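Residue numbers (the working numbering): 111 to 628.
Ideal Cβ placement from N, Cα and C applies to all residues, glycine included.
Model, not experiment: these values are computed from the prediction.
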Amino acid sequence: MDNEEDAIRIDFLQFLETDVSVHIMSFLDDPADVVRASAVSRNWRQFVISNGLAKHLCIRAFPQLSEVVKITEVNQGKMNLLTSEARSAPGLDFLERQHKIYASLHRTITKAKVPPRDCIETAVSASSTDRMPDESILNTLNPRDRYIRTASYWSSKGQSDPSVPETLVYKLKAGIWVITEVDIQPFEAFFQIGSPLYSAKASAVSRSWRHFVIANGLCKKLWLKKVPQVRYITCSVEENDGIIKLMNVEYEKAVNWGTLEMEHKLFSSLHRPFSKPVTSPKCILAFPVGASSTDRDPPVTIINTLSPERRSFWSSKGENDHNAPEYLLYRLTTSISIVTEVHIRPLEVFWENARPVYSARSVRFLMGHPKSVADVEIGICPIDRPSLNKYVWTYVSLWFPMKQKSCSQKFKLPEPVICIGGIFLIELLGRAQKDNADGLFYIRLGHVRVMGRTLEPAFHAEMHSSGELQLNYYPQSLDSVLQSFSGESKAAVQENEELCVEMSQGLLDFLDDDDEDN
Numbered sequence: 111m112d113n114e115e116d117a118i119r120i121d122f123l124q125f126l127e128t129d130v131s132v133h134i135m136s137f138l139d140d141p142a143d144v145v146r147a148s149a150v151s152r153n154w155r156q157f158v159i160s161n162g163l164a165k166h167l168c169i170r171a172f173p174q175l176s177e178v179v180k181i182t183e184v185n186q187g188k189m190n191l192l193t194s195e196a197r198s199a200p201g202l203d204f205l206e207r208q209h210k211i212y213a214s215l216h217r218t219i220t221k222a223k224v225p226p227r228d229c230i231e232t233a234v235s236a237s238s239t240d241r242m243p244d245e246s247i248l249n250t251l252n253p254r255d256r257y258i259r260t261a262s263y264w265s266s267k268g269q270s271d272p273s274v275p276e277t278l279v280y281k282l283k284a285g286i287w288v289i290t291e292v293d294i295q296p297f298e299a300f301f302q303i304g305s306p307l308y309s310a311k312a313s314a315v316s317r318s319w320r321h322f323v324i325a326n327g328l329c330k331k332l333w334l335k336k337v338p339q340v341r342y343i344t345c346s347v348e349e350n351d352g353i354i355k356l357m358n359v360e361y362e363k364a365v366n367w368g369t370l371e372m373e374h375k376l377f378s379s380l381h382r383p384f385s386k387p388v389t390s391p392k393c394i395l396a397f398p399v400g401a402s403s404t405d406r407d408p409p410v411t412i413i414n415t416l417s418p419e420r421r422s423f424w425s426s427k428g429e430n431d432h433n434a435p436e437y438l439l440y441r442l443t444t445s446i447s448i449v450t451e452v453h454i455r456p457l458e459v460f461w462e463n464a465r466p467v468y469s470a471r472s473v474r475f476l477m478g479h480p481k482s483v484a485d486v487e488i489g490i491c492p493i494d495r496p497s498l499n500k501y502v503w504t505y506v507s508l509w510f511p512m513k514q515k516s517c518s519q520k521f522k523l524p525e526p527v528i529c530i531g532g533i534f535l536i537e538l539l540g541r542a543q544k545d546n547a548d549g550l551f552y553i554r555l556g557h558v559r560v561m562g563r564t565l566e567p568a569f570h571a572e573m574h575s576s577g578e579l580q581l582n583y584y585p586q587s588l589d590s591v592l593q594s595f596s597g598e599s600k601a602a603v604q605e606n607e608e609l610c611v612e613m614s615q616g617l618l619d620f621l622d623d624d625d626e627d628n
């Protein structure tokens, strides 16, 4: 028994060559493991320190430290790393200090949880600069995209070869820095006429640029291109009690500068929520207006599609023609909203043995508003076969195929769509299932959800008795709307009022299209 205990206590370092032991110890890749190894015994501690294992580990992880070859003590017992010639025969005291510093340095670099911060002190040089000093490398140190009403950016010289490289050289602040990331923000070009002109925020570059953007209604032109539905707002701009009211959208020239500025403010503010991703859409269905047909009223009316219950459903009347269409008409919760997707769950008939699914073959979606106040249908009960001629359809989607499955099928629109007027229509084409009881084809839907976000209370579409739509803008409420979209702050909203457009299509496109229209 004593011999077995002695065998267990045998230190393998005493039986191996030094280079073999060092090779084994080199597999330690954590400074904490090196410290633990040095705490096993006095013999192990001396081996770890005398062979500089902490130093080797640190240099292997960070080769840049290989130039540090000497440790010296400075005043008050503090230690520092210097680049100088190494001792010819360093003593144990020197090796112990070296072990302590390298182990601490490696641990600090790899384990410290310190928020990163900018470590650039100054810009040194650039391989080329287009226009000095307006486009100097010094501009890259400014986090803002403009400085004293002038665009702030660096630009290289132009090259015919797109693969020609460029180099920017910076000097870091004094000290030893651990670089974790490099943030680079490219400068955004907003239009090109002949030679490119660059700006991220056109109306904020200078007073003349702002005047040009507002006077030519660039925000409105971009908005009308991206969201043609706004063309149906056909009534002048006035401001009263902090409310901006928009009318006569398609009128080319406003009568005065104040009107132009209000148009600019409204459209730039309207563009912000529309351009932001809807991260968590909500169901914005309010109530059903009516269906093209109903099999057994009231048990299976369109009202049932608002309920997620499995035994709650709407059923069309039976048809001999499996291509006979159907439609469901709804009102949304507000007069202006952004729609991103539609969820529809076809019914799986639980009272038949085969449990067939009565889905449609395909579906598409229309959005719009009533033609007049008299056509606004608000009732307690749904209307049978509501007339679709009472509505102006400002958006019509493509046809989406519908699967014959009893699950919530998501139909995501190619782009978010703004619905002005709050009318939403679902058109159903084709019938996938025949009822064995009467041999007729039916469409039966269990649950319908229209997903998106409302733009109220920041915006509100109001219909006049003449049938004209008026868009009211409440600036004080825009912050809450943006926060519901993506948590954007009010400061960003105010900054956006200086952003005329994201002119990805270019000013030349605007002018060309205007010429074609004329």
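query, result
"Buried or exposed by the 16-neighbour rule on C-beta atoms within 10 Å, applied to L644", "Missing from the structure shown is residue 644; the chain here goes from 111 to 628 and no further."
"Other residues of its chain near V591: CB distance less than 7 angstroms, five sequence neighbours each side excluded", "P383, L565, A568"
"Separation of T220 from T277, as counted between CA atoms", "30 angstroms"
"C-beta atoms of I454 and L380 nearer than 8 angstroms", "no"
"Beta-bridge partners of Y437, as assigned by DSSP", "E537"
"Selected residue, minimal CA-CA separation from A571, among W154, A547, I446, K522", "I446"
"Segments assigned beta strand (DSSP E), at least 3 residues, entirely inside the region 214 to 272", "230 to 236"
"Enclosing alpha helix (DSSP H) for A158 [first to last residue]", "This sequence places Val at residue 158; Ala is not what is there. From DSSP, the alpha helix (DSSP H) with V158 extends over 152 to 160."
"Given 8 angstroms, three or more beta-carbon pairs between the region 428 to 438 and the region 511 to 531", "no"
"Endpoints, the alpha helix (DSSP H) within which K520 is located", "That residue, K520, is in no alpha helix (DSSP H); its beta strand (DSSP E) goes 519 to 530."
"Whole alpha helix (DSSP H) elements within the region 546 to 599, 4-residue minimum", "588 to 596"
"Given T444 as reference, the closest of P585, R563, H216 once Cα atoms are compared", "R563"
"Where V288 falls, given that 16 or more other Cβ within 10 Å makes a residue buried", "exposed"
"Rounded separation between A216 and T232 - CA only", "Rather than Ala, the amino acid found at residue 216 in this sequence is His. The alpha-carbon atoms of H216 and T232 are separated by roughly 28 angstroms."
"Outcome for A470 when other beta-carbon atoms lying within 10 angstroms are tallied against a minimum of 16", "buried"
"Simplified DSSP state of F204, which is helix, strand or coil", "helix"
"Which of helix, strand or coil DSSP assigns to L476", "strand"
"Own chain partners of A236 with C-beta closer than 6 angstroms, once the 5 adjacent residues on each side are dropped", "I247, L278"
"Burial state of D405 (16 or more Cβ within 10 Å)", "buried"
"Residue range of the unbroken beta strand (DSSP E) whose run includes I446", "446 to 456"
"Straight-line gap, P496 to L376 (C-alpha atoms, nearest Å)", "35 angstroms"
"CB of Y552 within 8 angstroms of CB of S402, strictly", "no"
"Three-state secondary structure (DSSP) of Q543", "strand"
"8 angstroms Cβ cutoff met for S266 and D244", "no"
"Close-in-space but distant-in-sequence residues of the same chain around F510 (CB under 7 angstroms, 5 per side omitted)", "S472, V473, R474, F521"
"Three or more C-beta pairs below 8 angstroms linking the region 530 to 546 and the region 455 to 469", "yes"
"Cα-Cα separation, M477 to G531", "8 angstroms"
"Exposure of W264, with buried meaning 16 or more beta-carbon neighbours within 10 Å", "buried"
"R152, buried or exposed, once every other Cβ within 10 Å from all chains shown has been counted against 16", "exposed"
"First and last residue of the uninterrupted alpha helix (DSSP H) at L163", "163 to 171"
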